[in-house]
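Q: Can you keep this structure in mind? I'll have questions shortly.
In our numbering, the protein residues as written are 326 to 529.
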């Protein structure tokens with residue numbers, strides 16, 4: 326069972342995401358956040374002394390969500406298609422999460438407004454391995470003789486971009502509902518088919 330302090334901090338973070346989304350970091354006030362979270366300003370300042378410290382926590386949350394699928398091990402005895410499909414499903418589940426989209430929207434809008442905040446994003450995401458670990462997975466597949474990829478970093482970006490174009494960017498930019506299961510499945514199938522056609526080593 327969650328502790329009272331943990332619940333309060335979660336309420337504060339959720340309130341901050343809403344306020345930052347509505348007003349932007351510059352125009353948001355700690356008073357508005359405390360009212361939205363239904364906590365006193367004293368409680369708010371106890372956990373987060375500034376708006377910037379709250380924004381950094383939001384960035385950390387985005388990074389932690391990405392880390393869930395950032396470590397991917399290439400499996401010799403599992404088909405490339407099955408591994409890639411499993412990875413794509415995890416990616417799509419993340420990209421369709423309303424919480425992830427909300428956090429991503431706040432972070433992206435603030436990074437556009439502020440270079441220091443954009444630098445913070447770069448610093449936070451640098452430890453992540455390439456495109457959520459996919460680059461390393463591709464390199465391992467090449468070493469195993471299962472893939473033929475000249476530029477793994479580009480291939481990983483292309484694969485993730487194919488998924489994002491269907492299930493993420495429309496939500497983020499146009500505020501439309503998450504893609505339905507049939508659309509998600511079609512996006513996964515198409516991305517996997519394109520990757521395999523381009524990069525899987527054909528065994529005669």
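All residues carry an ideal CB built from backbone N, CA and C; glycine is no exception.
Just so you know, these numbers come straight off a predicted model, no measurement behind them.
(1) Whole angstroms is fine: what's the gap from residue 326's alpha carbon to residue 528's?
(2) With H, G and I counted as helix, E and B as strand and the rest as coil, what does DSSP make of residue 525?
(3) Would you kindly work out how many angstroms separate the C-alpha atoms of residue 388 and residue 522, rounded to a whole number?
(4) How should residue 496 be labelled, buried or exposed, when 16 other C-beta atoms within 10 angstroms of its C-beta is the threshold for buried?
(5) With distances taken Cα to Cα, identify the nearest neighbour of residue 482 among 379, 416 and 437.
(6) Considering just the uninterrupted stretch of the alpha helix (DSSP H) at residue 373, what are its terminal residues?
(7) Would you decide whether residue 435 is buried or exposed? Buried here means 16 or more other CB atoms lie within 10 Å of its CB.
(8) Could you tell me which residues DSSP pairs with residue 472 in its beta bridges?
(9) Using 8 Å for Cβ pairs, my map puts residue 492 next to residue 424. What's the rounded Cβ distance?
(10) Assuming the contact rule is C-beta atoms closer than 8 Å, residue 345 and residue 426 should be a hit. Round their C-beta distance to whole Å, please.
(11) Grab me the residues of residue 336's own chain with a C-beta within less than 6 Å of its C-beta, minus the 5 sequence neighbours each way, in chain order.
(12) Whose C-alpha, out of 464, 405 and 429, is nearest the C-alpha of residue 478?
(13) Measure how close the beta-carbons of residue 487 and residue 469 come, nearest whole angstrom, since I'm counting them as under 8 Å.
(14) In the DSSP assignment, find the alpha helix (DSSP H) that holds residue 330 and state where it starts and stops.
(15) Is the separation between the beta-carbon of residue 356 and that of residue 371 shorter than 8 Å?
(16) Would residue 338 and residue 382 be called neighbours here (beta carbons separated by less than 8 Å)?
(17) Just to confirm, are residue 397 and residue 459 a CB contact at a threshold of 8 Å?
(18) Can you give the Cα-Cα distance for residue 405 and residue 462, rounded to whole angstroms?
(19) Would the beta-carbon of residue 414 fall within 8 Å of that of residue 485?
(20) Measure the C-alpha to C-alpha separation of residue 520 and residue 410 and round it to an integer number of angstroms.
A: The relevant details are as follows:
(1) For residue 326, the predicted model reports a pLDDT of 40, less than 50, meaning its position is unreliable and no value from the coordinates is stated.
(2) strand
(3) 31 Å
(4) buried
(5) 416
(6) It is not in any alpha helix (DSSP H) - residue 373 carries neither H nor E in the DSSP assignment.
(7) buried
(8) 525
(9) So it is not a contact: roughly 15 Å between Cβ atoms.
(10) Their Cβ separation, rounded to whole angstroms, is 14 Å, which puts residue 345 and residue 426 out of contact at 8 Å.
(11) 362
(12) 464
(13) At roughly 23 Å, the Cβ-Cβ gap does not stay under 8 Å, so residue 487 and residue 469 are not in contact.
(14) 329 to 352
(15) no
(16) yes
(17) yes
(18) 10 Å
(19) no
(20) 11 Å
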